[in-house]
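Structure, as C-alpha cells:
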Amino acid sequence: MTRSTRADAAKRLPAPILQVKDLQTQFLTHDGIVKAVDGVTFDLYPGESLGIVGESGSGKSMTALSLLRLVPDPGKIVGGQVLFRDQDLQQISDEEIRDIRGRDIAMIFQDPQSSLNPVLQTGFQIAEAMLAHKKATKQQARQRTVELLKRVRIPAAESRVKDYPHQLSGGMRQRAMIAMGLSNAPSILIADEPTTALDVTVQAQILELLADLNHELGTAIVMITHNMGVVAGLCTRVLVMYAGQIVEQGPVDQIFENPQHPYTWSLLRSIPRVDALRHERLRSIEGLAPDLLRPPAGCRFHPRCPFRIEKCLTDLPPLVEVKPDQLASCLDRAKKEMGADKLLDIRPGAASGLEPGKIIP
Ligand SMILES: Nc1ncnc2c1ncn2[C@@H]1O[C@H](COP(=O)(O)OP(=O)(O)OP(=O)(O)O)[C@@H](O)[C@H]1O
Ligand SMILES: [Mg+2]
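The sequence shown begins at 205 in the working numbering and counts up one residue at a time.
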C-alpha cells in the first residue's frame with residue numbers, strides 16, 4: 205500500500221476503543237511455566253465485531269479474561285498493556301477495574317448456568333447488575349429490565365422477569381445473560397463461546413441477536429469461538445490464535461478469500477459444508493495442538509504444517525503486514541498455494557451452499 209492510500213485508510217478508521225499491546229499471561233505450574241497468552245497485540249474499534257478464533261487451549265479465554273484482570277489462579281498477567289480509552293487497565297486500582305467490568309466492558313460466558321444465581325429471580329439479577337453500578341434507581345432498573353428482556357426477544361418479558369433461571373430454556377437463559385451484559389449499555393461486549401451449549405437453531409438465533417444488537421446499539425462485540433462459520437456470520441475482523449499467539453489477523457472477507465497463514469487455511473478447510481457429498485469427510489487439522497509447557501521451537505505450527513520448510517523448524521516467524529490491514533506470521537508464504545480456489549467460500553451470500561444466518565457448529 206502506498207503512503208497516501210494508507211493515510212486515507214487511517215483517516216477512515218476511528219480511534220480504537222481498546223488497545224492491547226504485547227499481553228502476556230502465564231501459569232506457574234509444578235512442571236514449569238505455561239505461556240497461555242504470549243505477546244498478543246490488537247486493536248478494537250468502536251462498534252465493530254471482532255472474532256477471536258482458534259482451537260481449544262489456544263489462549264482465547266485467557267486473552268479475554270486478562271483484559272478485565274479476571275485470570276484465575278495460578279495464572280498471572282506478567283506483561284503488556286490494555287488501554288481502554290487511553291487508560292491502562294493493568295495499572296488502575298481494583299475498585300476502578302470493578303467499575304469498568306460490567307459498566308464499560310461486559311463479558312458473557314459459555315455456560316449461563318454458572319453465571320446466573322439459581323436461587324434468585326432472573327429479572328432481579330439483571331436489575332442488580334444495574335444498581336451495582338448506580339446507573340439507575342430501583343424503579344428505573346425494574347422498568348429497564350423488562351425493556352432489556354424484550355430487546356433480547358424473550359417472549360412475555362413482563363412475566364418472565366420473575367422466573368428463576370431453571371424455569372427458562374437454555375436459549376432463554378443465554379438471552380437473559382446477554383440482557384444482563386447489556387444492562388449498563390457497555391461499549392464493549394465480550395462473548396466467550398456463548399452458543400456452544402445450545403442446539404444449532406438456537407445458536408443461529410443468538411448469533412443473529414448479537415449481530416442486531418451490534419448494529420442497533422453500536423456495542424463493539426468480541427466473539428470468541430472455535431468456529432470459522434460463526435466468524436463468517438457475525439464478524440468483520442478476525443484474530444486467529446494458535447498456541448497463545450496471534451498468527452493471523454485482518455478483515456474477515458480478505459482472510460476468508462486469501463488466508464496467509466497455513467493454520468488459518470487449515471481452519472477454513474475444516475468447516476463443514478452443507479452441500480458436501482455424503483462420502484466427503486470433514487477434514488480435520490492433523491496432529492495435536494502443542495503443549496504450552498514445551499512449545500515447539502521455531503514456528504509453533506510447524507509440526508502440523510503441510511507447507512513447512514527447513515527454517516520453520518528453527519526461526520520464529522514475525523507477525524507482519526502481508527496485505528493492507530492483514531497481518532500473518534509465516535516464513536514462507538510465497539510458496540504456498542493457499543488461494544481462494546483451494547478454499548470453500550462460506551461468507552454470507554457466497555455460492556457455497558451456506559446461507560447467511562445458517563451457521564454450522
Ligand atoms: N489452571 C491452569 N493451569 C495451567 N495452565 C492453564 C490453566 N488454565 C489454562 N491454562 C493454559 O492456558 C491455555 C489457554 O487456555 P484458554 O482457556 O485460554 O484456551 P481457549 O482457547 O479458551 O480454549 P477453549 O476453546 O477450550 O475454551 C491452555 O492451553 C492451558 O495450557
Ligand atoms: Mg475458552
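Cβ atoms here follow ideal geometry from the backbone N, Cα and C, with glycine treated the same way.
query: Residue range of the beta strand (DSSP E) that Ala-395 falls in?; result: 392-396
query: Report all residues for which the CB-ligand distance to some heavy atom of ligand 2 is below 7 Å; order them along the chain.; result: Lys-264, Ser-265, Asp-396, Glu-397, Ile-428
query: Note down the Cα distance separating Arg-210 from Pro-528, rounded to an integer number of angstroms.; result: The predicted position of Arg-210 is uncertain, since its pLDDT is 42 and thus under 50; no value can be drawn from it.
query: Can you grab the Cα-Cα spacing for the pair Leu-293 / Arg-302, in whole Å?; result: 10 Å
query: Judging by CA-CA distance, which residue of Gln-453, Leu-414, Arg-305, Ala-380 is the nearest neighbour of Leu-274?; result: Arg-305
query: Is it the case that the Cβ atoms of Ile-358 and Met-334 are separated by a distance below 8 Å?; result: no
query: Once DSSP output is grouped into helix, strand and coil, what is the label at Pro-507?; result: helix
query: Between Glu-362 and Val-350, what straight-line distance do the alpha-carbon atoms span, to the nearest angstrom?; result: 6 Å
query: Are the beta-carbon atoms belonging to Gly-255 and Val-442 less than 8 Å from one another?; result: yes
query: Using alpha carbons as the reference points, say which of Leu-438, Leu-523, Ala-310, Val-456 lies closest to Met-384.; result: Ala-310
query: In terms of residue numbering, what span does the alpha helix (DSSP H) encompassing Glu-525 cover?; result: Segment 524-527 is the beta strand (DSSP E) holding Glu-525; no alpha helix (DSSP H) there.
query: So who's on the other strand from Met-384, going by DSSP bridges?; result: Note: Met-384 sits in no beta bridge, so no partner.
query: Please classify Lys-239 as buried or exposed, where buried requires at least 16 other C-beta atoms within 10 Å of its C-beta.; result: buried
query: Looking at Ile-392 and Ile-221, is the spacing between their C-beta atoms short of 8 Å?; result: yes
query: Let me know the secondary structure DSSP gives Tyr-467 once reduced to three states.; result: helix
query: Go ahead and label Arg-431 buried or exposed: buried means 16 or more other beta carbons lie within 10 angstroms of its beta carbon, across all protein chains shown.; result: Per the sequence shown, residue 431 should be read as Asn rather than Arg. The residue is buried, with at least 16 neighbouring Cβ atoms inside 10 Å.
query: From this set, Asp-242, Leu-287, Phe-231, Ser-270, which residue's C-alpha is nearest Ala-219's C-alpha?; result: Leu-287
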